[in-house]
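Listed in order, the protein sequences are those of chains Z and F. The opening residue of the first sequence carries number 28 in the working numbering; numbering runs sequentially from there. The opening residue of the second sequence carries number 15 in the working numbering; numbering runs sequentially from there. One structure below.
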Amino acid sequence: DAGITQSPRHKVTETGTPVTLRCHQTENHRYMYWYRQDPGHGLRLIHYSYGVKDTDKGEVSDGYSVSRSKTEDFLLTLESATSSQTSVYFCAISESTGVHGYTFGSGTRLTVV
Amino acid sequence: GESVGLHLPTLSVQEGDNSIINCAYSNSASDYFIWYKQESGKGPQFIIDIRSNMDKRQGQRVTVLLNKTVKHLSLQIAATQPGDSAVYFCAEPIGGNQGGKLIFGQGTELSVKP
């Protein structure tokens, strides 16, 4: 989607290795979010940010950390990847709360073997 | 806790027919709902939203109905086309002004038969 890019698009990694996913936006939006999507669970919030260096946990934050040192970048790190973290990860941005919801990136498909 | 759920995981319709996708919510104080469409291999895309002071809102070929009495909303797609094949999610912001976190239902997969 225009204005938000995720990298990499696909990644295969081994159990126990650290992994960092990147979300980059050019919209200067304040809010950024990381979701994971799994069959039978829909989209679940991992972490979110409401400004530079301001982050908070979502409903499935265990095993994940985030950082936001610049408005445009929001990084999701799996400190030690596990097979249960195999998923599709989506980043989203929003200008303000409740206004047409979010704009989502195209996702990162992560496989932990 | 709050939840947003969908009644059916899959829906198959004939091209040209109308589609109705349903969603239930649990928080009677909820005041804003959003429908998203997710095509295969892509992120969800905004379709239409509705605030609790409305019962109905129409877009291009889509209508959302909100029944606050039974905490139910539906997405109606008129004259369904093959390009409408996707997973549809209802979503609700929680958390007020701090982050406006969206919670999503599990999704309904719409298949359009030619």
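Backbone N, C-alpha and C define an ideal beta-carbon position, used for all residues, glycine too.
Chain-ordered chain F contacts of S114/Z [CB-CB under 8 Å] | Here the premise fails: no neighbours, minimum Cβ distance about 14 Å.
### Message
So, with DSSP's three-state summary, where would you put P96/F?
### Response
helix
Report task. Just the C-alpha distance for S111/Z and E41/Z, rounded to the nearest angstrom, thanks. Result -> 12 Å
Query raised in the report: Who are the near neighbours of A100/F in its chain, counting only those whose CB is closer than 7 Å to its CB and skipping five residues on each side?
Result: K51, Q52, E53 and L124
Whole-angstrom distance between R36/Z and N55/Z, CA atom to CA atom
22 Å
For this session: Count the other CB atoms, across all protein chains shown, that sit within 10 Å of the CB of G30/Z; report buried if there are 16 or more and exposed otherwise.
Result: exposed
Q) Nearest to V76/F by alpha carbon, out of K85/F, A93/F, M68/F and T83/F? A) A93/F
Checklist line | 8 Å Cβ cutoff, G30/Z in contact with chain F | finding: no
Margin query: Assuming G132/Z and T32/Z are in contact, meaning their beta carbons sit under 8 Å apart, how far apart are those beta carbons, in whole angstroms?
Written below: 6 Å
**Residue nearest to K85/F in terms of C-alpha spacing, selected from I91/F, D98/F and S66/F** = S66/F
request  = Name the one or two DSSP bridge partners that V84/F has.
outcome  = Its beta-bridge partners do not exist; DSSP assigns none.
key: C-alpha gap between T47/Z and F117/Z, whole angstroms   = 13 Å
Worksheet entry | Paired residues, beta bridge with G78/Z - DSSP | D81/Z
Checklist entry - Is any beta-carbon of chain F found at less than 8 Å from that of L72/Z? => result yes
Identify the residues that DSSP records as bridge partners of V87/Z: which are they?
Looking at the DSSP assignment, V87/Z forms no beta bridge with any residue, so it has no partner.
query = Out of K127/F, V126/F and G121/F, which has the shortest C-alpha to C-alpha gap to Q64/Z?
reply = G121/F
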